Amino acid sequence: MENTLIDIDNYGFQKIGIIGEQYEMLSKKMEGANWDVRVLTNYSEFKKEVSSNMLISTLVILLLASLAGLSLRIQNQRKQYELNLREELKLKVSKRTKALKQSQEDLIQAAKMAALGQLSASITHETVSYTHLTLPTI
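This is the structure in structure tokens:
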């Protein structure tokens, strides 16, 4: 079988075939000792594991993206709800302010009418009193 050598981060990765099975071998020379450490991994199982890990990672990323989108949607809905409440509150305040101003104007008008009534009553009383006083002398 054909062996290919790929160097990554000072580690030597090499695909090898042993009895019809494909393996991936990682070898590293140990400094200070004459050792050559080699680790063999069944390539097909390694490939399945990497594929399943990539699938799980992709699913987790999609889930996180969905949660982020949902969170943004909820925030936007809350902001819209708050805006609607503010507009409703402004409308209520405006209506109540208008009603209070109308009540104030009505009270002022009633006070004016009461003052006019007292004034006319006073004038009438004085006129009647003057007439009673001066009439018997005529």
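Those letters in the sequence shown? Residues 6 to 143, by my numbering. C-beta atoms are modelled at their ideal positions from N, C-alpha and C, and glycine is treated no differently. Quick caveat: nothing in here was measured; it's all calculated off a predicted structure.
Residues sharing a beta bridge with residue i, DSSP
i	result
Arg144	Within the shown structure, residues of the chain are numbered from 6 to 143, placing residue 144 beyond reach of any answer.
CB contact flag (residue i, residue j, <8 Å)
i	j	result
Phe51	Glu26	no
Arg43	Leu60	no
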